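Colleague: This note's numbering applies: residue 267 is where the sequence shown begins, and numbers increase by one. No residue lacks a Cβ here, since even glycine has one placed at the ideal position from N, Cα and C. Given the structure is predicted, the values throughout are model-derived calculations rather than measurements.
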Amino acid sequence: MTLLQQIKADWSNHGKDWTRPGFRALAFYRFGVWRMKIRHKLLRAPFSMLYRSLYRRARNLYGIEVPYSASLGSDVIIEHQSGIVIHGNSRIGNACIIRQGVTLGNRYMDRPLEAPELGNNVNVGAGAKILGKVKIGDNAVIAANAVVLQDVPAFHLAAGIPAKIKPLKSSVLGSNHDG
């Protein structure tokens with residue numbers, strides 16, 4: 267998928283509202299990934315300067331940190347702004363929803379490169395913290411304010427501090443995009 271196709275899909279997923287901070291942060295992220303495909307450093311330099319400016323704008327104005335080194339799938343939705351930090355080594359699958367106050371980060375200072383990995387269709391509640399080399403399975407739900415320190419299997423719910431893992435009830439399952 268080209269850069270413009272990715273940005274158009276993100277725009278559509280964010281209600282076709284280009285003013286939404288989540289859309290803007292994703293567009294800046296996608297631009298940052300695209301500029302790294304320019305092999306020659308001298309040709310890439312002006313794009314890198316622009317990317318750094320856009321990244322800082324998303325971080326400082328909207329409170330959303332999504333570095334280009336993270337790996338985001340398609341149809342990711344950042345629903346609300348403020349306090350969203352995504353580790354540079356994090357991997358986020360397709361059709362995930364991330365809400366305000368979410369942190370995907372490392373757990374130990376002596377292991378700075380360890381970061382969470384989210385499967386497809388993961389729904390992350392407001393204020394959730396997913397820390398360390400943790401794998402979240404497809405269609406999992408991370409409850410609001412949960413602190414996840416262990417793997418969460420597919421179709422499971424993680425809730426609490428520290429998070430306890432429970433199978434999802436069939437009434438909870440469905441499309442993440444239903445609201």
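Could you check whether A412 and A429 sit closer than 8 Å to each other, using their CB atoms as the reference points?
Modeller: Yes. Within cutoff.
Colleague: Note down the Cα distance separating Q347 from G354, rounded to an integer number of angstroms.
Modeller: Looking at the two C-alpha atoms, the distance is approximately 19 Å.
Colleague: Tell me where the alpha helix (DSSP H) around P312 begins and ends.
Modeller: K307 to R323 is the span of the alpha helix (DSSP H), which, as asked, contains P312.
Colleague: Apart from the five residues on each side of it in sequence, which residues of its chain come closer than 7 Å, Cβ to Cβ, to I344?
Modeller: Answer for I344: G288, A291, L292, I330, I350 and I364, listed in chain order.
Colleague: Going by DSSP, what residue range makes up the alpha helix (DSSP H) through L292?
Modeller: Where L292 is concerned, the enclosing alpha helix (DSSP H) stretches over P287 to R301.
Colleague: Since I believe V418 is in contact with G398 (beta carbons under 8 Å), could you give me their beta-carbon distance rounded to a whole number of angstroms?
Modeller: Actually they are not in contact, since the Cβ atoms of G398 and V418 sit about 12 Å apart, beyond 8 Å.
Colleague: Nearest-angstrom Cα distance between I431 and N360?
Modeller: Taking the straight line from one Cα to the other gives about 22 Å.
Colleague: What are the boundary residues of the alpha helix (DSSP H) that includes K274?
Modeller: Where K274 is concerned, the enclosing alpha helix (DSSP H) stretches over L269 to N279.
Colleague: What residue does the beta strand (DSSP E) around V351 start on, and which one ends it?
Modeller: Looking at the DSSP string, the run of the beta strand (DSSP E) that includes V351 is I350 to I352.
Colleague: Can you look up N326 in the DSSP assignment and give me helix, strand or coil?
Modeller: Correct three-state label for N326: helix.
Colleague: With a threshold of 16 other CB atoms inside 10 Å of the CB of Y374, please say whether the residue is buried or exposed.
Modeller: Looking at its Cβ environment, which holds fewer than 16 other Cβ atoms inside 10 Å, Y374 is exposed.
Colleague: Cutting at 8 Å between CB atoms, please list the residues of its own chain near D444, excluding the five before and the five after it.
Modeller: In this predicted model, D444 has a pLDDT of only 48, less than 50, meaning its place in the structure is not dependable; the value taken from the coordinates is given anyway. Nothing listed; no residue qualifies.
Colleague: Report yes if the CB atom of E380 is closer than 8 Å to the CB atom of R357, and no otherwise.
Modeller: No, Cβ-Cβ distance for E380 and R357 is not below 8 Å.
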